[in-house]
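**Student:** Could you have a look at this structure, given as structure tokens, before my questions?
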């Protein structure tokens, strides 16, 4: 089951942070079709947020066809997103971890690494 984390200083709305975390877990294979998301009550207790925030996130995921709410049962993953296999993710993650270590050895801060990664990502998309 997914464990949500919040970054209250990020400027990203709380419900979107939840949506992004579910999507990331789906892309990485941590959530698969049939897996149940935590109940709104569980998320509220863990993160001390408004229940409507959790429900808004879950409704957004349902609107996108990623999850399905079954009354009285919970919210379940309907499909996966992303195209890479779990093995491919593991291999790529290892390469990315090496890159992060290289960046740190070169003296780059986390924000520098993010900016560098984002610039390369933008160039690759163009």
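Residue numbers (the numbering used here): 4 to 129. No residue lacks a Cβ here, since even glycine has one placed at the ideal position from N, Cα and C.
#1: Unbroken alpha helix (DSSP H) runs of length 4 or more, entirely within the segment 22-82: which are they?
#2: Compute the distance between the beta-carbons of residue 70 and residue 57, then report whether it is under 7 Å.
#3: Rounded to a whole number of angstroms, what is the C-alpha to C-alpha distance between residue 19 and residue 63?
#4: Give the range of the alpha helix (DSSP H) segment to which residue 13 is assigned.
#5: Can you check whether the CB of residue 103 is closer than 7 Å to the CB of residue 34?
**Tutor:** For this structure:
#1: Within the segment 22-82, the runs of alpha helix (DSSP H) at least 4 residues long that lie entirely inside it are, in chain order, 43-50, 54-66.
#2: no
#3: 9 Å
#4: Where residue 13 is concerned, there is no enclosing alpha helix (DSSP H), given that its DSSP letter is neither H nor E.
#5: no
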